[in-house]
């Protein structure tokens with residue numbers, strides 16, 4: 002089974018070499034989608050051993066993931082892992098994320114920070130953004146997963162072919178979850194560890210995600 006890791010990256014020169022080096026032992030192919038970075042992200046990712054695809058303009062993380070998924074499918078990937086470039090995830094947990102697919106128990110696997118493993122949550126995320134996100138995704142979108150906004154996931158080839166990411170920005174996380182339910186895919190959750198280095202996310206970011214998702218739901 003060919004496992005391809007897709008890493009969307011925008012101005013991640015500080016982290017990208019370390020992230021690519023950490024991921025490569027657990028996958029057969031590592032793809033970094035450089036979303037028009039103004040620093041050395043693309044060069045460093047290539048030097049670290051990743052295949053680099055560059056957007057000529059900044060299109061957002063959701064669009065970068067779709068670009069990576071398209072490439073992975075065209076190159077024969079059986080499983081696609083989405084992994085962030087900011088060094089918050091643990092590469093060794095890729096084995097846990099892909100296991101349900103490899104064992105034939107799931108078509109798509111979502112990482113969750115709320116299933117037992119500890120993460121150093123920023124106060125605003127833990128007590129304001131995530132409770133509101135849980136309410137929104139459960140009652141508006143019908144998503145019954147424990148973690149509404151998590152970029153660590155694994156998709157079977159079937160799931161990647163069925164789910165096309167339309168939201169270019171951060172609301173793509175919940176969009177992917179919603180489309181997994183709508184497509185009737187077998188869904189699993191796996192506990193993961195997240196190590197936060199940036200504690201600056203504002204509540205306004207959470208409201209923007211909710212607005213983007215609601216607009217998308219109305220349009221659809």
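In my numbering, the protein residues as written are 2 to 221. Every residue, glycine too, gets a C-beta built ideally from N, C-alpha and C.
{"Asked": "If the criterion is Cβ atoms closer than 8 Å, does the pair residue 7 and residue 82 meet it?", "Found": "yes"}
{"Asked": "By Cβ distance below 7 Å, which residues in the same chain neighbour residue 100 in space, the five residues on each side in sequence not counted?", "Found": "none"}
{"Asked": "Would the beta-carbon of residue 105 be found less than 7 Å away from any heavy atom of the ligand GTP?", "Found": "As presented, the structure is devoid of all ligands, the ligand GTP included, so that no description of it is given."}
{"Asked": "Assuming the contact rule is C-beta atoms closer than 8 Å, residue 105 and residue 191 should be a hit. Round their C-beta distance to whole Å, please.", "Found": "Between residue 191 and residue 105 the Cβ distance is about 15 Å, and since that is not below 8 Å, they are no contact."}
{"Asked": "If you count every other CB in all the chains shown that lies within 10 Å of the CB of residue 9, and 16 or more means buried, which is it?", "Found": "buried"}
{"Asked": "Under three-state DSSP, which class holds residue 154?", "Found": "strand"}
{"Asked": "Given a cut-off of 8 Å, decide if residue 102 and residue 80 are closer than it, judged by their beta-carbon atoms.", "Found": "yes"}
{"Asked": "Taking 6 Å as the limit between beta carbons, can you name the residues of its chain near residue 124, skipping five residues before and five after?", "Found": "Low confidence applies here, because residue 124 scores a pLDDT of 49, under 50, leaving its location unreliable and the question unanswered by this model."}
{"Asked": "Of all the beta strand (DSSP E) runs that stay within the bounds of the segment 22 to 97, which reach a length of 3 or more residues?", "Found": "30 to 35, 52 to 55 and 80 to 83"}
{"Asked": "Using CA coordinates, which residue listed in 87, 65 and 162 is at the minimum distance from residue 74?", "Found": "162"}
{"Asked": "Please decide whether residue 163 counts as near chain B, where near means a Cβ-Cβ distance under 8 Å.", "Found": "This model lacks chain B altogether; it includes just one protein chain."}
{"Asked": "Helix, strand or coil for residue 13, going by three-state DSSP, please let me know.", "Found": "coil"}
{"Asked": "Residue 27 and residue 107: beta carbons closer than 8 Å?", "Found": "no"}
{"Asked": "Run through DSSP, which three-state label would residue 190 get?", "Found": "strand"}
{"Asked": "Should residue 196 go down as buried or exposed, given a rule of 16 or more other Cβ atoms within 10 Å for buried?", "Found": "exposed"}
{"Asked": "Under 8 Å by Cβ, that's how I've got residue 150 and residue 175 pegged, so tell me the actual separation to the nearest angstrom.", "Found": "7 Å"}
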